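Here's the structure, in structure tokens; my notes come after.
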Amino acid sequence: MVEPARPDGVAPHCCLVLGSRNPRRLAGFYADLMGGESAAVVPFVPGGAVTVRLPTGMDMVLYRPSRRRPQPRQNGGLALCLRCADLESIRQRATALGGQVLEPIREASFGREQWLLDLEGNPVLLWEAPTDRPA
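So, in structure tokens, the structure goes:
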């Protein structure tokens, strides 16, 4: 979601938007996973949408999609990637919160990665940069 350009010249604000069957529950999952007390869950608009203010400065907006209007088809080329300083620690936190690991950790020249599913089955990539170069 990108806000329209404002007359004061401030750049649009970019955020993540995710449809959810239960926005408050999924917002709690991501707030706990991404920062615990440093991530805040705030109401967004009437109708159940919720914003998670992430410690990175980016917002994640979770909303309940309309049942009366079809959702656009998604091709699967875009995924939520969480850059981790300690992949194992984040994976353990995710599974304790109800996430499901899809595959073992994979190591490559770009670092280590592991796919999991959040509480509603959305794929999430955990990625840890190699220790010999900065993230």
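Using UniProt numbering, read the sequence shown as starting at 1 and increasing by one per residue.
For glycine and all other residues, C-beta sits at the position ideal for the given N, C-alpha and C.
On a predicted model such as this, the values are computed, not experimentally measured, just so you know.
- [ ] Under the assumption that Gln114 contacts Arg106 (Cβ atoms under 8 Å), give the Cβ distance between them as a whole number of angstroms.
- [x] 7 Å
Task: Backbone secondary structure at Pro123 - three-state DSSP - done: strand
Open item on the list: Could you check whether Val41 and Ala31 sit closer than 8 Å to each other, using their CB atoms as the reference points?
Closed with: yes
Task: Rounded C-alpha distance that separates Ser20 from Gln92 - done: 23 Å
Open item on the list: What does the alpha-carbon distance come out to for the pair Ala27 and Pro55?
Closed with: 14 Å
Open item on the list: According to DSSP, simplified to helix, strand and coil, what is Asp32?
Closed with: helix
Open item on the list: If contacts are defined as beta-carbon pairs under 8 Å, then Phe29 and Leu80 qualify, I think. What distance do you get, rounded to the angstrom?
Closed with: Their Cβ separation, rounded to whole angstroms, is 12 Å, which puts Phe29 and Leu80 out of contact at 8 Å.
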